[in-house]
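Student:
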Amino acid sequence: MYDITHLRETEFPHAATLTYLNHAGIAPLPQRAKREIQAAVEALSADPNDYFGRVGLPALTALQAELARFINAADPSEIVFITSTSAALNAIAQAIDWRPGDRVLFCDLEFPSNAYPWVSLQRDGVESCIVPADNGGLTLAAVERAVNERTRVVAASAVQFFTGHRTDLAAIGQFCRRRGILFVVDAIQSIGHMPFDVEAMGIDVLATGGQKSLLGLPGVGFMYVRGEVAEAMRPRLIHSNATVDYLHWLAYDLTPAPGAARFLAGTPNIAGIIGLGPSLALLRELGVAHIDAHTSALSRYAIEQLSAAGLRVITPPDALGPIVTFRSPVDAAATEAIVQRLAAERVVVVKHLDAAGAAYLRLSTHCYNVREEIDCFVETYQRLSAATG
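Sequential numbering of the sequence shown, starting at 34, is according to the numbering used here.
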């Protein structure tokens, strides 16, 4: 493992005064990323043209290669920087050559980022096959029951934002590859928590914003598109730098750039993307497998403590990630009031509603959290709940 005390002191000093359990919403920046971003902003305020060309673009190229290695992509050309998971999946949804009657399959607990892009295709005659969650998420058994000859895409979150269910990506990916179905993965809750091998997992598209498990800024992230899949796609959202010979500005040639570069979205947020570099380096130094073991152990401990307190946990213990969710005993308004009181006492969690409007509380950890913070939440929550009546 790694030295958590040193990690908390050097990279996440807020942990000395704040019990932060909302990494599935937005994660704090490591100090090394903060310093790199500040340096980039300073340089951009002095001579942006020099910095952009001399430092920024080479740094992006190097990070692209690092990200390819991080997920075992075949080539850096399969990686493209994006602004958000939503933007990436909308671009993918609009780039597939659909036919009326084609189907997209996903479960009924997907975050809107991995639902709305597919549902919006109804205007083109594409059907959304929304299957009931199985054990808190999408399972191979559910996929096998629901697919048919018109299924073109299976979309899944590697870790479900609501229940914390951890998807068996390899099982579903290999099934999809055998059937010629595109497998699209939302990795925003998992890319910094669990090892990814897009080749072995049969993933065709992986998209993630940077502000959660990747420990980056909002508004930056990356997408992987398998080379063969990218070449078959024709984006409808065509940006100035996403075409062949794009520097010939007035040629107006819409021929897509090779590989994932056809999904480039204009001038990138250089400072934000550069900030991903130190965060990625930190994750690699700690070892994603070690982070996985650590946060999964914290989730198991949280389930034990919450259950012992009489709370109904919905996170499946046999498919754990870094998220644990339990049903609130009170309504949404009262639950939100408790969340605000917790925040006032420097304990940060988030409320979620299910489709029927029932309230839940979600705890989500990262590499530097400790058991004592779970204990702090449980004790503070019980005290505030008792005071609320």
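Backbone N, C-alpha and C fix where the C-beta goes; we use that ideal spot for every residue, glycine too.
Could you check which residue in ARG333, VAL187, ASP364, ILE371 has the C-alpha nearest to that of LEU353?
Tutor: Among ARG333, VAL187, ASP364, ILE371, the Cα nearest to that of LEU353 is on ARG333.
Student: Return yes when the C-beta of SER78 is under 7 angstroms from any heavy atom of the ligand GTP, and no when it is not.
Tutor: No copy of the ligand GTP occurs in the structure displayed, which carries no ligand at all.
Student: Which runs of the beta strand (DSSP E) at least 3 residues long sit entirely within the region 207–287? Give them in chain order.
Tutor: Segments of the beta strand (DSSP E) lying fully in the region 207–287: 215–219, 238–242, 254–258.
Student: Just checking my contact of PHE144 with SER190 at CB under 8 angstroms: how many whole Å lie between their CB atoms?
Tutor: Their Cβ separation, rounded to whole angstroms, is 7 angstroms, which keeps PHE144 and SER190 in contact under 8 angstroms.
Student: Quick one: which unbroken alpha helix (DSSP H) runs of 4-plus residues sit fully inside the region 46–98? Chain order, please.
Tutor: You should have 64–79, 81–84.
Student: Among the residues of its own chain, which have a CB less than 6 angstroms from the CB of PRO349, if the five just before and after it don't count?
Tutor: Same-chain partners within the cutoff: ASN168, GLY169, HIS198.
Student: So, does the region 244–261 touch the region 110–122, judging by three or more C-beta pairs under 8 angstroms?
Tutor: Result yes; three or more Cβ-Cβ pairs closer than 8 angstroms.
Student: Cα separation between ALA275 and ALA365?
Tutor: Each residue's Cα considered, the two are about 45 angstroms apart.
Student: Determine the contact status of ALA392 and VAL357, defining contact as a CB-CB distance below 8 angstroms.
Tutor: Taking 8 angstroms as the Cβ cut-off, ALA392 and VAL357 do not qualify as a contacting pair.
Student: Which residue comes first and which comes last in the alpha helix (DSSP H) that contains ILE347?
Tutor: No alpha helix (DSSP H) holds ILE347; DSSP gives it neither H nor E.
Student: Tell me, to the nearest whole angstrom, how far the beta carbon of LEU54 is from that of GLU405; I am working on the premise that it is less than 8 angstroms.
Tutor: LEU54 to GLU405, Cβ: 12 angstroms. No contact.
Student: Between ILE59 and the rest of its own chain, which residues show a CB-CB distance below 8 angstroms, the 5 nearest in sequence each way excluded?
Tutor: Excluding positions up to five away in sequence, the list reads GLN244, LYS245, PRO251.
Student: Can you tell me which of the three DSSP states GLY170 falls into?
Tutor: Here GLY170 sits in strand by DSSP.
Student: Should ILE306 and LEU96 be called a contact, given that it needs their Cβ atoms to be closer than 8 angstroms?
Tutor: A contact, by the Cβ cut-off of 8 angstroms.
Student: In the DSSP assignment, find the alpha helix (DSSP H) that holds LEU316 and state where it starts and stops.
Tutor: It spans 303–319 - the alpha helix (DSSP H) in which LEU316 sits, taken as one unbroken run.
Student: What distance in whole Å lies between the Cβ atoms of ARG379 and THR52, which are believed to be in contact at a cut-off of 8 angstroms?
Tutor: Correct: roughly 6 angstroms between the Cβ atoms.
Student: Report all residues from its chain with a CB closer than 8 angstroms to the CB of ARG345; omit the five preceding and five following residues, and keep chain order.
Tutor: Closer than 8 angstroms at Cβ, skipping near neighbours: PHE359, ARG360.
Student: Confirm, please, whether the CB-CB distance from LEU239 to ILE104 is below 8 angstroms.
Tutor: Yes.
Student: Do the CB positions of PHE195 and LEU142 come within less than 8 angstroms of each other?
Tutor: In contact: PHE195 and LEU142 (Cβ atoms closer than 8 angstroms).
Student: With respect to the beta strand (DSSP E) encompassing CYS140, which residues constitute its N-terminal and C-terminal limits?
Tutor: It spans 136–140 - the beta strand (DSSP E) in which CYS140 sits, taken as one unbroken run.
Student: By DSSP, does HIS385 sit in helix, in strand, or in coil?
Tutor: In the structure shown, HIS385 sits in a strand (DSSP, three-state: E or B).
Student: How would you write the range of the beta strand (DSSP E) that VAL357 sits in, first residue to last?
Tutor: Counting along the chain, the beta strand (DSSP E) containing VAL357 begins and ends at 356–360.
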